[in-house]
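Engineer: What the sequence shown shows, in mature numbering (1 follows the signal peptide of the UniProt record, and there is no 0), is residues -21 to -1, 1 to 319, in sequence order.
Cβ coordinates follow ideal geometry from the N, Cα and C atoms, glycine included.
Being a predicted model, the structure only gives us computed values, none of them experimental.
Before we start, here is the structure in question, set down as structure tokens.
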Amino acid sequence: MLRRTLAAGVALCAFTAPALAADDKLVISVYGFGQDAFKEIVYDPFEKICGCELVVETGNSVERLAKLEARKDDPEIDMAVMSTHDALSAARKGITQSIDVTKLSNFDKLYDIAKDPLGDHLGIGYTFYATSIAYRADKVKIESWSDLFQDDLKGRVAFPNVTTNQGPPALYMLGKAMGDDAPSLSAPIAEVGANKDDILTFYVRSSQVAQLMQQEEILAAPIGRFAWGAYPKMDMNIAWATPKEGQTGGMNVMILTKGAKHEDLAYQFMDYWLSTEIQTKLAEALVDSPANADVKVSDEVAENLTYGEETVKNLHLLPPAVILDNRETWLAEWNDKVGQ
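Rendered as structure tokens:
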């Protein structure tokens, strides 16, 4: 947990609502990823604007969701960020409330897919990422998701475990390549099972894939674009595939807890985070791909992000309800056909 407090009376920038009293604080729950950059770009500047205390709690999705549920009748946390399916789970458990988008001056700047991904404005997308296949272009050719099982990749491919955020989307696109994109994912799971002896590992962390690629133990793996930054730094011809079936991915959203004690401040913080200025800085730092369509970055930066209207329009995202309603079935199927 990070705690930072700035004295009251700090000058207010023109962008925001009036500064709040010094004894006010906002408690947020976020991923542990990139916290040094978030502190510099988002947290510290916001504290100067609001003249308040910002309490930042970090942890994995399971831990943070459990804490929100445990305190839903007397919430400590005012707002949180999480995946769309975790946010939907929180909504179904009565943890969150609809967001009044009229209080967000930057809402209309968002890509359409980020404006209401859960329905009823129960979450606002602030970043998303593509998932495709990183591969050694000097060794193999990837034109379809089904190419992961070509002869040249036998024993040289890593595939995400079904329990990871990358697992179901990768299976979904494999199913599309097979002509079967049913939510059950039965066909692609069976296909992975049939080829499991030719898959080097079923990874659970993106860092595993980068290490295996660096050591030349694998030549291809489905990964999230957020992890791509490590690959161009390797002295290898590694490419990002554009399969004919398209790319998949995921989205993270902001949620507002029901009964939030500092609701007005939560809205102010959300709006600040969604602003063109902050989304641009986070993009340039390669922390998050921008959900704000007004963000403009260099070609070099864009290469490392999920960026631009055309890219966003062609993302095949699994609906959060599909993920939430099917993941136990997927796990049972996976254990039966693939095993771990």
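I need the straight-line Cα distance from Met230 to Lys292, nearest angstrom please.
Structural biologist: Taking the first residue of the sequence shown as 1, we reach residue 230 at position 251. Taking the first residue of the sequence shown as 1, we reach residue 292 at position 313. Answer to the nearest angstrom: the Cα atoms are 13 Å apart.
Engineer: So who's on the other strand from Phe138, going by DSSP bridges?
Structural biologist: Reading the sequence shown from its first residue, position 159 is the one you call residue 138. Bridge partners of Phe138: Phe181.
Engineer: Figure out for me which residue from Val21, Gly11, Val9 and Gln14 has the closest Cα to the Cα of Tyr251.
Structural biologist: Reading the sequence shown from its first residue, position 272 is the one you call residue 251. Checked all of Val21, Gly11, Val9 and Gln14; the closest Cα to Tyr251 is Val21.
Engineer: From the DSSP output, read off the bridge partner residues of Ala199.
Structural biologist: Counting from one through the sequence shown, the residue named residue 199 turns up at place 220. According to DSSP, which records beta bridges pairwise, Ala199 is partnered with Tyr114 and Val136.
Engineer: Look up Ser125 in the DSSP assignment and say whether it is helix, strand or coil.
Structural biologist: Position 146 of the sequence shown, counted from the start, is the residue given in the question as residue 125. Note: Ser125 maps to helix in three-state DSSP.
Engineer: Beta carbon of Leu44, beta carbon of Cys29: below 9 Å?
Structural biologist: By one-based count along the sequence shown, residue 44 stands at place 65. By one-based count along the sequence shown, residue 29 stands at place 50. Against a cut-off of 9 Å, the Cβ pair of Cys29 and Leu44 comes out as no contact.
Engineer: Please determine if the stretch 72 to 87 and the stretch 116 to 127 are in contact, where contact requires at least 3 C-beta pairs separated by less than 8 Å.
Structural biologist: The answer is no - the stretch 116 to 127 does not touch the stretch 72 to 87, with fewer than three Cβ pairs under 8 Å.
Engineer: By Cβ distance, which residues of its chain are closer than 6 Å to Arg204, with the 5 residues on each side in sequence left out?
Structural biologist: On the sequence shown, residue 204 is found 225 positions in, with the first residue counted as 1. Cβ neighbours of Arg204 beyond the five flanking positions: Tyr108, Ala109 and Thr285.
Engineer: Beta-carbon within less than 7 Å of Asn283's beta-carbon, same chain only, minus the 5 sequence neighbours each way: which residues are those?
Structural biologist: Here the question's residue 283 lines up with position 304 in the sequence shown. Excluding sequence neighbours, Asn283 sits near Trp207, Gly208 and Leu265.
Engineer: With a threshold of 16 other CB atoms inside 10 Å of the CB of Ala(-1), please say whether the residue is buried or exposed.
Structural biologist: One-based indexing of the sequence shown puts residue -1 at position 21. Unreliable placement is indicated for Ala(-1), whose pLDDT of 43 sits below 50; no coordinate value is reported for it.
Engineer: Excluding sequence positions up to five away, which residues of its chain have a Cβ less than 6 Å from the Cβ of Thr143?
Structural biologist: Sequence index remark: in the sequence shown, residue 143 carries index 164 (1-based). Counting only Cβ-Cβ distances below 6 Å, and skipping sequence neighbours, we find Val183.
Engineer: Taking only three categories from DSSP, how would you classify Ile217?
Structural biologist: The count along the sequence shown starts at 1 and reaches residue 217 at position 238. DSSP places Ile217 in strand when its eight states are reduced to three.
Engineer: May I have the straight-line CA-CA distance separating Val80 from Ile103, to the nearest angstrom?
Structural biologist: As a first step, residue 80 is located in the sequence shown; it is residue number 101 there, counting from the start. As a first step, residue 103 is located in the sequence shown; it is residue number 124 there, counting from the start. When rounded, the distance between both Cα atoms is 9 Å.
Engineer: Please confirm if the stretch 210 to 220 is in contact with the stretch 112 to 123, defined as three or more CB-CB distances below 8 Å between the two stretches.
Structural biologist: Yes, they touch.
Engineer: For Asn231, which of helix, strand or coil comes out of DSSP?
Structural biologist: Start at 1 with the first residue of the sequence shown, and residue 231 comes out as number 252. Three-state result, Asn231: strand.
Engineer: Where does Ala161 sit, in a helix, a strand or coil, going by DSSP?
Structural biologist: Start at 1 with the first residue of the sequence shown, and residue 161 comes out as number 182. In the structure shown, Ala161 sits in coil (DSSP, three-state: anything other than H, G, I, E or B).
Engineer: What number of angstroms, rounded off, separates the C-alpha of Glu55 from the C-alpha of Leu294?
Structural biologist: Position 76 of the sequence shown, counting from 1, holds the residue named residue 55. Position 315 of the sequence shown, counting from 1, holds the residue named residue 294. Spanning the two alpha carbons is a distance of roughly 35 Å.
Engineer: Please go through the same chain and pick out, in chain order, the residues whose beta-carbon is closer than 8 Å to the beta-carbon of Thr221, but skip the five residues on each side of it.
Structural biologist: For the purposes of this step, residue 221 is taken as residue 242 along the sequence shown, with counting starting at 1. Closer than 8 Å at Cβ, skipping near neighbours: Ser111.
Engineer: Can you tell me which of the three DSSP states Ala(-1) falls into?
Structural biologist: Along the sequence shown, one-based indexing puts residue -1 at 21. Confidence at Ala(-1) is low in this model, with a pLDDT of 43, below 50, so the placement of that residue should be treated as unreliable; the coordinate-derived value is given next. Ala(-1) falls in the coil class under three-state DSSP.
Engineer: Report yes if the C-beta distance between Thr106 and Ser277 is below 9 Å; otherwise report no.
Structural biologist: In the sequence shown, residue 106 corresponds to position 127, counting from 1. In the sequence shown, residue 277 corresponds to position 298, counting from 1. Result no, Cβ atoms of Thr106 and Ser277 do not sit closer than 9 Å.
Engineer: Counting pairs of beta carbons, one from the stretch 27 to 41 and one from the stretch 240 to 254, are three or more of them closer than 8 Å?
Structural biologist: Judged by Cβ distances under 8 Å, the stretch 27 to 41 makes contact with the stretch 240 to 254, as three or more pairs qualify.
Engineer: Between Val171 and Leu191, is the Cβ-Cβ spacing less than 9 Å?
Structural biologist: Along the sequence shown, read from residue 1 onward, the residue named residue 171 stands at position 192. Along the sequence shown, read from residue 1 onward, the residue named residue 191 stands at position 212. Against a cut-off of 9 Å, the Cβ pair of Leu191 and Val171 comes out as no contact.
Engineer: In three-state DSSP terms, what is Ile103?
Structural biologist: In the sequence shown, residue 103 corresponds to position 124, counting from 1. It is a strand residue.
Engineer: Between which two residues does the alpha helix (DSSP H) holding Val280 run?
Structural biologist: By one-based count along the sequence shown, residue 280 stands at place 301. Run containing Val280: Asp278 to Ala281, per the alpha helix (DSSP H) assignment.
Engineer: Ser186 bridges to which residues according to DSSP?
Structural biologist: As a first step, residue 186 must be located in the sequence shown, where it is residue number 207. Answer is none; Ser186 lacks a bridge partner.
Engineer: Do you know offhand how far Met157's Cα is from Ser165's?
Structural biologist: As a working note, residue 157 is residue 178 in the sequence shown. As a working note, residue 165 is residue 186 in the sequence shown. Straight-line Cα distance between these residues: approximately 11 Å.
Engineer: Given that a residue counts as buried once 16 or more other Cβ atoms are within 10 Å of its Cβ, and exposed if not, what is Asp57?
Structural biologist: As a working mapping, residue 57 is identified with position 78 in the sequence shown. It is buried - the Cβ of Asp57 has at least 16 other Cβ atoms within 10 Å.
Engineer: Nearest by alpha-carbon distance to Asp99: which of Val41, Ile121, Ile234 and Pro148 is it?
Structural biologist: Position 120 of the sequence shown, counting from 1, holds the residue named residue 99. Residue Ile234 is the option with its Cα nearest to Asp99.
Engineer: Write down the C-beta distance between Pro147 and Ile7 rounded to the nearest angstrom, noting that I regard them as a contact closer than 8 Å.
Structural biologist: Within the sequence shown, numbered from 1, the residue matching residue 147 stands at position 168. Within the sequence shown, numbered from 1, the residue matching residue 7 stands at position 28. About 27 Å separates the two Cβ atoms, so there is no contact after all.
Engineer: Taking just the CA atoms, how far does Tyr10 sit from His241?
Structural biologist: Counting from 1 along the sequence shown, the entry for residue 241 is found at position 262. Counting from 1 along the sequence shown, the entry for residue 10 is found at position 31. Answer to the nearest angstrom: the Cα atoms are 21 Å apart.
Engineer: Do three or more CB pairs link the stretch 88 to 98 to the stretch 61 to 77 at distances below 8 Å?
Structural biologist: Contact holds: three or more Cβ-Cβ distances are below 8 Å.
Engineer: Out of Asp160, Lys275 and Val35, state which residue places its alpha-carbon closest to the alpha-carbon of Gly287.
Structural biologist: For the purposes of this step, residue 287 is taken as residue 308 along the sequence shown, with counting starting at 1. The candidate whose alpha carbon is nearest that of Gly287 is Lys275.
Engineer: Short check: CB of Ile121 to CB of Ala199, under 9 Å?
Structural biologist: Counted from its first residue, the sequence shown places residue 121 at position 142. Counted from its first residue, the sequence shown places residue 199 at position 220. Contact flag set, yes.
Engineer: In chain order, what residues of the same chain have a beta carbon less than 8 Å from the beta carbon of residue 327, not counting five sequence neighbours either side?
Structural biologist: With the chain running from -21 to 319 in the structure shown, residue 327 is simply not present.
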